[in-house]
Amino acid sequence: MILNRVLKAGAFSVVLAALIIATVNISVADDTTDMSRFVSLQSSGFHTLAIGEDGSLWAWGSNGDGACGVYSVDERVPEPVRVEGLSNVTQVACYFTDSMALLGDGTVWMWGGSSSNFKNDSTELYVPVQVPGLTGVKQIACGQWCSLALKDDGTVWAWGNNEYGHMGDGTKASRIYYTTPVQVPGLSGIKMIACNAATMFVVDNNGTVWAWGKSHPAMVSWNGLGNKLYTTVPVQVIKQPGIVAITANDVQLCIVTENGKVWKKDYASNKTPTPDEIKGLRDIATINSGYHMVALEKDGSVYTWGKNDHGQIGDGTITYRTAPYKVNVPPVKAVFSGQFQTFAIGENGDLWGWGGDEVNQLGDGGGTDKTLPVKISFNKSGGSAPEASLPTPIKLPQSPTNVTGDQSKVISPGFDFGIIALLGCLFIVTGLITSICRRKD
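Residue numbers (this note's numbering): 28 to 468.
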């Protein structure tokens, strides 16, 4: 009798579990979802953001602090997932677990562990949130301490941590956060911006590069800053007409001029505002940096130099390179970098990557560093697929932060914990029924 009633209780539990599971919506977009290729991307070194041809946004790598814009208990996203709620994305920027996106309407959005760049506490942002007070933006840059935005009118705006004078207004306030962007005074006619971890750089229409924040070799090389740790106002670091690209890491500032030459400022540079030319490079179109440098020649050739501890140079070694190395990769039309990675988009749209991949930053699902370029293809199960295409998007939950679109296919933020709670209740109910059966017997 007891056994019979227990079995009945167990059957009731199974039915209850089935009903619960049936009401939980955990499906994702189906296989008919349109695919697209990437046209631009940026890596923080730990996660990667990429823009599709249709303006969609994708992310992969480490999802610590919600860096990938996807709510998940798994801190690794081995292959691209779509960041929902954003469309018409024109530029991305990221650093460590902070992520930013610029939309075609001139608004800026942030998510991830933005405790130093957007929020004045340590709360992670799992869903993109619009940065207040910013419109008419045409370029963004993200550092470890502060973020920058360049508006159409040539003004520069900053927000984040002002510990090293990152606001550029002459003040220094340790652990004081600016959660609303403020205009950097004294700057006008700016045409491009850049950040490394803690130094801000801008280029004006006259060919002057200005910098502020934490001291950088480009400043020390001629500005007489000596052992100063920071400067709270913009100072001139380079005077060079015709600048078309700028990038900086912690040891070197590089620019590209209209004639295709690459110039640098570092500790070894001369003590004047004139930069030193990097020999062996010609007809360069653009440049990017992580802990290394990567330059794209107009004929599609790729050159790298600098730190190589994760194979980001792409020469099959992990040996530091002081001079530019021509990477053995088919002609490409764009190059990008993370702190420990290099990416290139081929003329036919293929994506190539090499360097650090321990948390799947390359997006190939492999999880091991690559010292030589590999063609990266995606599928849902990980590893290489026959053709380079994006996987099916994962929908994010509805939220008050302008997340839009079809919410019929959702991974709920409370799903994992909700299932645990429901199962707990299930076992409690089962126990009560079993106990009642025993008392009646």
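Every residue, glycine too, gets a C-beta built ideally from N, C-alpha and C. Please read all numbers here as calculations on a predicted model, not as lab measurements.
Can residue 221 and residue 273 be called in contact, C-beta distance under 7 Å?
Sequence index remark: in the sequence shown, residue 221 carries index 194 (1-based). Sequence index remark: in the sequence shown, residue 273 carries index 246 (1-based). Cβ atoms of residue 221 and residue 273: closer than 7 Å.
Starting from residue 292 and walking both ways along the beta strand (DSSP E), at which residues does that stretch end?
Against the sequence shown, residue 292 aligns to sequence position 265. 289 to 292 is the extent of the beta strand (DSSP E) around residue 292.
Residue 245 by DSSP, collapsed to three states: which one?
What you label residue 245 is simply residue 218 of the sequence shown in a count that begins at 1. Here residue 245 sits in helix by DSSP.
Residues in the same chain with beta-carbon distance under 6 Å from residue 163, minus the five sequence neighbours each way, listed in chain order, please.
Indexing the sequence shown from 1 puts residue 163 at position 136. Contacts found: 133, 178 and 179.
Using alpha carbons as the reference points, say which of 263, 246 and 265 lies closest to residue 256.
Translated into the one-based positions of the sequence shown, residue 256 becomes position 229. Of 263, 246 and 265, the residue nearest in Cα terms is 246.
Closer than 6 Å by C-beta to residue 258: which residues in its own chain qualify, once you throw out the five before and the five after it? Chain order, please.
Taking the sequence shown and counting its residues from 1, the one referred to as residue 258 is at position 231. Residues 239 of the same chain have their beta carbon placed closer than 6 Å to that of residue 258, with the five preceding and five following residues left out of the count.
Determine the DSSP secondary structure at residue 216, reduced to helix, strand or coil.
Start at 1 with the first residue of the sequence shown, and residue 216 comes out as number 189. Secondary structure of residue 216 (DSSP, three-state): coil.
Contact set for residue 333: own chain, Cβ-Cβ below 6 Å, skip 5 residues either direction
Taking the sequence shown and counting its residues from 1, one reaches residue 333 at position 306. Around residue 333: 319 and 320.
Simplified DSSP assignment, three categories, for residue 92:
As a first step, residue 92 is located in the sequence shown; it is residue number 65 there, counting from the start. Helix at residue 92.
Between the Cα of residue 92 and those of 125, 405 and 213, spot the shortest distance and give me the residue it belongs to.
Here residue 92 refers to the residue found at position 65 when the sequence shown is read from its first residue. Taking only the C-alpha atoms, the option nearest residue 92 is 125.
Quick one: give me the first and last residue of the beta strand (DSSP E) that residue 74 is part of.
The residue labelled residue 74 in the question sits at position 47 within the sequence shown. Judged by DSSP secondary structure, residue 74 falls within the beta strand (DSSP E) whose first and last residues are 74 to 79.
So, do the segment 196 to 205 and the segment 262 to 276 have three or more beta carbon pairs nearer to each other than 8 Å?
Output reads no: the segment 262 to 276 does not touch the segment 196 to 205.
Which stretch, first to last residue, makes up the beta strand (DSSP E) that contains residue 139?
Translated into positions along the sequence shown, residue 139 becomes position 112. DSSP places residue 139 in the uninterrupted beta strand (DSSP E) bounded by 135 to 139.
Is the separation between the beta-carbon of residue 115 and that of residue 82 shorter than 7 Å?
Working through the sequence shown from its first residue, we reach residue 115 at position 88. Working through the sequence shown from its first residue, we reach residue 82 at position 55. Contact flag set, yes.
Assess, as a yes-or-no matter, whether the segment 390 to 407 is touched by the segment 342 to 361 under the definition of 3 or more beta carbon pairs within less than 8 Å.
yes
Cβ distance (whole Å) where residue 155 is taken to contact residue 113 below 8 Å
By 1-based counting over the sequence shown, the position of residue 155 is 128. By 1-based counting over the sequence shown, the position of residue 113 is 86. 6 Å between Cβ atoms; contact.
Which of the three DSSP states, helix, strand or coil, is assigned to residue 65?
Taking the sequence shown and counting its residues from 1, the one referred to as residue 65 is at position 38. It is a strand residue.
Which term fits residue 310, buried or exposed, when burial requires 16 or more other beta carbons within 10 angstroms of its beta carbon?
Within the sequence shown, residue 310 is the residue found at index 283, counting from 1. The residue in question, residue 310, is exposed, as its Cβ has fewer than 16 Cβ neighbours within 10 Å.
So, with DSSP's three-state summary, where would you put residue 318?
One-based indexing of the sequence shown puts residue 318 at position 291. Three-state DSSP puts residue 318 in coil, outside helix and strand.
Contacts around residue 102, its chain only, beta-carbon distance under 7 Å, and the 5 residues preceding and following it disregarded:
As a first step, residue 102 is located in the sequence shown; it is residue number 75 there, counting from the start. These residues qualify, in order along the chain: 89, 90 and 91.
Using 10 angstroms around the beta-carbon of residue 216, count the other beta-carbons present and answer buried if the total reaches 16, otherwise exposed.
Here residue 216 refers to the residue found at position 189 when the sequence shown is read from its first residue. Residue 216 comes out exposed.
Does residue 413 pass the burial test, meaning 16 or more other C-beta atoms within 10 Å, or should it be called exposed?
Along the sequence shown, read from residue 1 onward, the residue named residue 413 stands at position 386. Confidence in residue 413 is poor, its pLDDT being 28 and thus under 50, which makes the residue's placement too unreliable to answer from.
What would DSSP say about residue 345, mapped onto helix, strand or coil?
What you label residue 345 is simply residue 318 of the sequence shown in a count that begins at 1. In the structure shown, residue 345 sits in coil (DSSP, three-state: anything other than H, G, I, E or B).
Grouping DSSP H, G and I as helix and E and B as strand, with all else coil, what is residue 339?
Residue mapping note: residue 339 aligns to position 312 of the sequence shown, counting from 1. In the structure shown, residue 339 sits in coil (DSSP, three-state: anything other than H, G, I, E or B).
Rounded to the nearest angstrom, how far is the Cβ of residue 375 from that of residue 317, given a contact under 8 Å?
Here residue 375 corresponds to residue number 348 of the sequence shown, with the count starting at 1. Here residue 317 corresponds to residue number 290 of the sequence shown, with the count starting at 1. Contact flag wrong, Cβ pair sits at about 25 Å.
In three-state DSSP terms, what is residue 125?
Here residue 125 corresponds to residue number 98 of the sequence shown, with the count starting at 1. In this structure, residue 125 counts as strand in the three-state DSSP scheme.
Can you give the Cα-Cα distance for residue 70 and residue 314, rounded to whole angstroms?
In the sequence shown, residue 70 corresponds to position 43, counting from 1. In the sequence shown, residue 314 corresponds to position 287, counting from 1. Cα to Cα, the separation comes out at about 15 Å.
Is the separation between the beta-carbon of residue 343 and that of residue 382 shorter than 7 Å?
Looking up residue 343 in the sequence shown gives position 316. Looking up residue 382 in the sequence shown gives position 355. No, the pair does not count as a contact, with Cβ atoms beyond the cut-off.
Closer than 6 Å by C-beta to residue 361: which residues in its own chain qualify, once you throw out the five before and the five after it? Chain order, please.
For the purposes of this step, residue 361 is identified with residue 334 of the sequence shown, where counting begins at 1. Within the same chain, residue 361 has close Cβ partners 372.
Can you tell which of 346, 349, 340 and 358 has the C-alpha that lies nearest to the C-alpha of residue 367?
Stepping through the sequence shown from its first residue, residue 367 is reached at position 340. For residue 367, the nearest C-alpha among the options comes from 340.
So residue 194 is in the beta strand (DSSP E); what residue range does that whole segment cover?
Within the sequence shown, numbered from 1, the residue matching residue 194 stands at position 167. From DSSP, residue 194 is part of no beta strand (DSSP E); its letter is neither H nor E.
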